[in-house]
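Heads up: the sequence shown begins at 70 in this note's numbering, then just goes up one per residue. Think of the CB as a built atom: it goes at the ideal place given N, C-alpha and C, for glycine as much as any other residue. The model shown is predicted, which means the values in this text are computed figures rather than measured ones. Take a look at the structure set out below.
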Amino acid sequence: MHTINLRERVVKRFSLVLLSVFLLGGVLFAQNVSLDRAIEYISLEITDTLANGTIIAVLNIRSESSRLSEYVIDELMRCLSRSDRLTVVERDESYRETVRQEMDYQLSGEVSDESAQSIGKHLGAQSIVSGSFEDMGKYYRIRIRVIAVETMAVQAMPSQSVRKSRDVLSLMGENISDPRRLNSIGVSAGTSFATPAIVGTIHGTIAPLPVRNMFFEAGVDFGLLYTGDYQIEGYFSLLSFARVGYFMPLSEKIGIYAGMGGGYMFARYIVTDEPFDAHIPFADVTVGANIFGFINVSYTLRTDFKGISNKVSVGYVYRFK
Numbered sequence: 070m071h072t073i074n075l076r077e078r079v080v081k082r083f084s085l086v087l088l089s090v091f092l093l094g095g096v097l098f099a100q101n102v103s104l105d106r107a108i109e110y111i112s113l114e115i116t117d118t119l120a121n122g123t124i125i126a127v128l129n130i131r132s133e134s135s136r137l138s139e140y141v142i143d144e145l146m147r148c149l150s151r152s153d154r155l156t157v158v159e160r161d162e163s164y165r166e167t168v169r170q171e172m173d174y175q176l177s178g179e180v181s182d183e184s185a186q187s188i189g190k191h192l193g194a195q196s197i198v199s200g201s202f203e204d205m206g207k208y209y210r211i212r213i214r215v216i217a218v219e220t221m222a223v224q225a226m227p228s229q230s231v232r233k234s235r236d237v238l239s240l241m242g243e244n245i246s247d248p249r250r251l252n253s254i255g256v257s258a259g260t261s262f263a264t265p266a267i268v269g270t271i272h273g274t275i276a277p278l279p280v281r282n283m284f285f286e287a288g289v290d291f292g293l294l295y296t297g298d299y300q301i302e303g304y305f306s307l308l309s310f311a312r313v314g315y316f317m318p319l320s321e322k323i324g325i326y327a328g329m330g331g332g333y334m335f336a337r338y339i340v341t342d343e344p345f346d347a348h349i350p351f352a353d354v355t356v357g358a359n360i361f362g363f364i365n366v367s368y369t370l371r372t373d374f375k376g377i378s379n380k381v382s383v384g385y386v387y388r389f390k
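Take a look at the structure:
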């Protein structure tokens, strides 16, 4: 009875930890929007703020990547031009030449208010748009300023939080499928909901395979606490495993993975001071999620070809880059 109660407490507490991790990840992920959606929201705010018929020019978005800056400028102009309330100055060759003549212009650099005003006048714009795209750690922040050309008065300052997605990272020139990102080492704790009731794991992954996003994983499970019906005085197990897996990044901080493989389990049972050893080969399938780059949550289904067992675990992983 004592063993059953302990097992129930372990399972209940572990379930609460899993629920908390998923809820936290969901809340943080939901509060940020995609880059395209952020641009749409910003364009709507600008459109609602400016007077009908305003001639507007999008000059500059400062970021770490000229490709990203170009994308944001083009998409913002596209969204603004869909409104019949504004007239958007097109970015043709004459537009670019005007900018080049006024300043040593870099899409990813700073634009002073004086330079922006001068460019706006040459383009015949009544309002000019500039802004920045910054890495805030767990998300990006896009900030925009809309300024009246004649008075230099700030007309709007919309901003949006942007999630770290594959598209944004690609525009910034980062390869989130770089095999080096799949090299890791980690530890975790979990339960099998049976014997062993408590499972600690040390594992590592490498990506020597030619297929992108695939990796090789190896590790050892340490099992404690026998929960069967027999009068076992002592129990422990060592389970070595290896598997091939595939990782799918959903963003820089969130990804899912799946793998299959097998291994060998050694277990020692002590009955009335006499040890009894078991040697069991097995095959397994595992699925999981990597959250924030350092939290792993996984579920493993194993079989010794006579029956099946489960393992659920949460742990810390260090990913080499």
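{"query": "Element boundaries [beta strand (DSSP E), containing residue 309]", "result": "303-318"}
{"query": "Under 9 angstroms between C-beta atoms of residue 334 and residue 347", "result": "yes"}
{"query": "Per-residue burial, residue 116 [other beta carbons within 10 Å of its own, 16 or more giving buried]", "result": "buried"}
{"query": "Burial state of residue 381 (16 or more Cβ within 10 Å)", "result": "buried"}
{"query": "Strand pairing of residue 291, partner residues [DSSP]", "result": "269, 307"}
{"query": "Sequence-distant residues of the same chain with beta carbon closer than 6 angstroms to residue 371, five excluded per side", "result": "351, 353, 378"}
{"query": "Closest residue to residue 129 among 361, 241, 160 (Cα-Cα distance)", "result": "160"}
{"query": "CA nearest to the CA of residue 112, picked from 103, 145, 283", "result": "145"}
{"query": "Residue of 273, 311, 308 minimising C-alpha distance to residue 387", "result": "273"}
{"query": "Neighbourhood of residue 304 by C-beta distance below 6 angstroms, restricted to the same chain and skipping five residues each side", "result": "295, 338"}
{"query": "Spatial distance of residue 267 from residue 257 (CA atoms)", "result": "11 angstroms"}
{"query": "Short Cβ contact (9 angstroms threshold) for residue 326 with residue 356", "result": "yes"}
{"query": "Cross-strand partners of residue 380 (DSSP beta bridge)", "result": "369"}
{"query": "Run of the beta strand (DSSP E) containing residue 189, from where it starts to where it stops", "result": "Not the beta strand (DSSP E): residue 189 falls in the alpha helix (DSSP H), residues 182-192."}
{"query": "As assigned by DSSP and simplified to three states, the class of residue 158", "result": "coil"}
{"query": "Closest by C-alpha distance to residue 324, when choosing among 308, 235, 342", "result": "235"}
{"query": "Nearest neighbour of residue 215, chosen from 255, 126, 292, 277 [CA to CA]", "result": "126"}
{"query": "Burial state of residue 309 (16 or more Cβ within 10 Å)", "result": "exposed"}
{"query": "CB of residue 336 within 9 angstroms of CB of residue 367, strictly", "result": "no"}
{"query": "Residue of 242, 221, 316 minimising C-alpha distance to residue 190", "result": "221"}
{"query": "Distance between residue 123 and residue 209 (C-alpha atoms, nearest Å)", "result": "30 angstroms"}
{"query": "Proximity to residue 109 [Cα-Cα], best of 219, 132, 227", "result": "227"}
{"query": "8 angstroms CB neighbourhood of residue 237 in its chain, flanking five on each side removed", "result": "104, 137, 209, 231"}
{"query": "Under 9 angstroms between C-beta atoms of residue 383 and residue 259", "result": "yes"}
{"query": "Alpha helix (DSSP H) segment containing residue 141, residue limits", "result": "135-150"}
{"query": "Distance, residue 263 Cα to residue 375 Cα", "result": "16 angstroms"}
{"query": "Residue 286, buried or exposed, once every other Cβ within 10 Å from all chains shown has been counted against 16", "result": "buried"}
{"query": "Own chain, CB closer than 7 angstroms to residue 91, minus 5 neighbours either side, in chain order", "result": "Interpretation of residue 91 is limited by its pLDDT of 47, a score under 50 that renders its predicted location unreliable; no figure is taken from the coordinates."}
{"query": "Helix, strand or coil at residue 232 [DSSP, three-state]", "result": "coil"}
{"query": "Residue 271 vs residue 252 beta-carbon contact at 9 angstroms", "result": "no"}
{"query": "Residue 196 beta carbon less than 9 angstroms from that of residue 217", "result": "yes"}
{"query": "Bridge-paired residues (DSSP) for residue 363", "result": "Per DSSP, none; premise fails for residue 363."}
{"query": "Contact test: residue 327 Cβ vs the ligand HEM heavy atom, cutoff 8 angstroms", "result": "What this structure holds is no ligand at all, so the ligand HEM is not there to describe."}
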